[in-house]
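Here the structure comes first, spelled out in structure tokens, and everything after it is commentary.
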RNA sequence: GGAGGGAUGCCAGAGCGGCCGAAUGGGGUAGUCUUGAAAACUACUGUGGGGAAACUCACCGGGGGUUCGAAUCCCUCUCCCUCCGCCA
């Protein structure tokens, strides 16, 4: 959510942001509603003020007669203000709903574009391995080594269902432990966070109402979050923090659920795009300061890179174009890992900052040195998501005899150093 | 599943129709004292909206109602606690 004052004074910037992000939103209409709302509010406040004065007089009235005269006047006043209050309620509700749809302004450094085709590579790491034998994709590898069961997965869990078995399960757990250790070393507070969350958490982080289709709703009015960002970011909602507590860095672990509506027909095979997976997420709250947001954005991006470099997976970093930004994101880097069977990089991490877009919605503030209360800034990035990361891990480390070599950093979490038949 | 109790400012906790935007304590900030610190003492200290300011409006978990007037009474929702039952 943006500050309505900012929108009033910078309507053109907001309109431009809508265009850049390909979001259909009528800024002028919002401003109209805002004006209506303020006019009603002003009028109600004047009447309230009169009421308050009259009430004071009733208190001070000497006798019953004086009292009943004032009361009669009050009743008259009330009749008139009833309609106005109903109008105000309607208008301010509409206003609030509209405010949730206003996109944040992309940073100037974000390239223009409409889809991920327009994202720009900003960094490349790792040697792309030249295989001297015909390679297998992760699906073949998984089947040959009995690591993932897709048939029974879809039998039980439907389309995109899967079972992770044997060393794949162990590998998955080892990767989570490894990423946890790296993030804890880098100052993150680990926690297991809820995936089953209420509407406020979803709205506060910006997933609702915008992306309703992509979220599972439960029969009791709750939602299954697509990322622990939702519950971890909401952890401090409605709180006033101390400036000295910032930045706060959390590492959230949770199962994640995504309907993948809108991705019909994409990546239907394998474990790239699934409805249910495990993820470690980096979530950061910091000072209301652009430099600080930018600094921490680079930091959480580096953390993810550190994790990938340890695993020796070649990757590149792209800066997402304006059309590929979420409603609240100011800037986003995707990290994409090299997938040999597809001969391209595929997204495994997504690192973004929001300024106070989320913290306004969630009401997360802090008191600064001067005693002023400000909205914090928020950022988040993937730590590691599994099983998706198993794709580059298995494919890049496959050997001619069909075995898989396990990267050294994972050895201490596992009782095997390779996977073979 | 059944029966009760509760939700108040940064925190703890009083108030149970007008004197309450809210006692008291803790914390925080500033000052006095001190070589410095601690202690003690003094002052200030909720949030949001409007306004240049004076000032004004709203907020005592959320929503609705009663009343001239609600933190206080009624209804409802959410969450927390205690006891009983059931399950792990």
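In the numbering used here, the protein residues as written are 558 to 978. Think of the CB as a built atom: it goes at the ideal place given N, C-alpha and C, for glycine as much as any other residue.
> What do you reckon, are the CB atoms on residue 941 and residue 736 nearer than 8 Å?
Replying inline: Yes, the Cβ-Cβ distance between residue 941 and residue 736 is below 8 Å.
> For the 8 Å Cβ check, are there 3 or more pairs between the segment 870-886 and the segment 574-581?
Replying inline: Taking a contact to require three or more Cβ pairs closer than 8 Å, the segment 870-886 and the segment 574-581 qualify as touching.
> Exposed or buried, residue 679, counting other C-beta atoms within 10 Å across all chains shown (16 or more means buried)?
Replying inline: exposed
>> One question on the structure: do residue 934 and residue 916 come within less than 8 Å of each other, judged by their Cβ atoms?
In response: yes
>> Any heavy atom of the ligand ZN inside 7 Å of the beta-carbon of residue 575?
In response: Ligands displayed in this structure: none; no statement on the ligand ZN is therefore possible.
>> Please state whether the Cβ-Cβ distance between residue 717 and residue 831 is less than 8 Å.
In response: yes
> What is the DSSP secondary structure of residue 685, reduced to helix, strand or coil?
Replying inline: coil
> Hey, which unbroken runs of the alpha helix (DSSP H) at 4 residues or more fall wholly within the segment 721-799?
Replying inline: Counting only runs of 4 or more residues that sit fully inside the segment 721-799, the alpha helix (DSSP H) segments are 723-742, 756-762, 786-791, in chain order.
>> Using the Cβ count rule (16 or more neighbours within 10 Å means buried), how would you classify residue 922?
In response: buried
> residue 761 and residue 791 look like a contact to me (Cβ under 8 Å); what is the Cβ gap, rounded to whole Å?
Replying inline: 6 Å
> Roughly how many angstroms separate the alpha carbons of residue 697 and residue 969, rounded to a whole number?
Replying inline: 27 Å
> Considering only C-alpha positions, which residue in the set 567, 810, 685 is nearest to residue 585?
Replying inline: Of 567, 810, 685, the residue nearest in Cα terms is 567.
> Mapping DSSP to helix, strand and coil, what is residue 611?
Replying inline: Helix at residue 611.
> What are the start and end residues of each continuous alpha helix (DSSP H) run of 4 or more residues lying completely inside the segment 637-714, in chain order?
Replying inline: 695-701, 707-714
>> Let me confirm a value: residue 912 is counted as buried when at least 16 other C-beta atoms fall within 10 Å, else exposed. Which label applies?
In response: buried
>> Starting from residue 834, trace the beta strand (DSSP E) in both directions and tell me its first and last residue.
In response: 833-843
>> Which residue marks the beginning of the alpha helix (DSSP H) containing residue 914, and which one marks its end?
In response: 914-919
> DSSP beta-bridge partners for residue 631?
Replying inline: According to DSSP, residue 631 bridges with nothing at all.
> How big is the Cα-Cα spacing for residue 746 and residue 738?
Replying inline: 11 Å
> Nearest to residue 962 by CA position, among 602, 842, 869, is which residue?
Replying inline: 869
>> Here's the rule: buried if 16 or more other CB atoms are within 10 angstroms of the residue's CB, otherwise exposed. What is residue 789?
In response: It counts as buried.
> Helix, strand or coil: which one does DSSP assign to residue 874?
Replying inline: strand
>> Assuming residue 563 is part of the alpha helix (DSSP H), what are its boundary residues?
In response: 561-566
> Run through DSSP, which three-state label would residue 577 get?
Replying inline: helix
> Could you give the C-beta distance for residue 816 and residue 754, rounded to a whole number, given that I count them as a contact under 8 Å?
Replying inline: Rounded, the Cβ-Cβ distance is 15 Å, inconsistent with contact.
> For residue 605, does the three-state DSSP call read helix, strand or coil?
Replying inline: helix
> Which residue comes first and which comes last in the alpha helix (DSSP H) that contains residue 717?
Replying inline: It is not in any alpha helix (DSSP H) - residue 717 carries neither H nor E in the DSSP assignment.
> Which two residues bound the contiguous beta strand (DSSP E) that contains residue 945?
Replying inline: Segment: none, residue 945 is in no beta strand (DSSP E) and carries neither H nor E.
> DSSP three-state call for residue 858: helix, strand or coil?
Replying inline: helix
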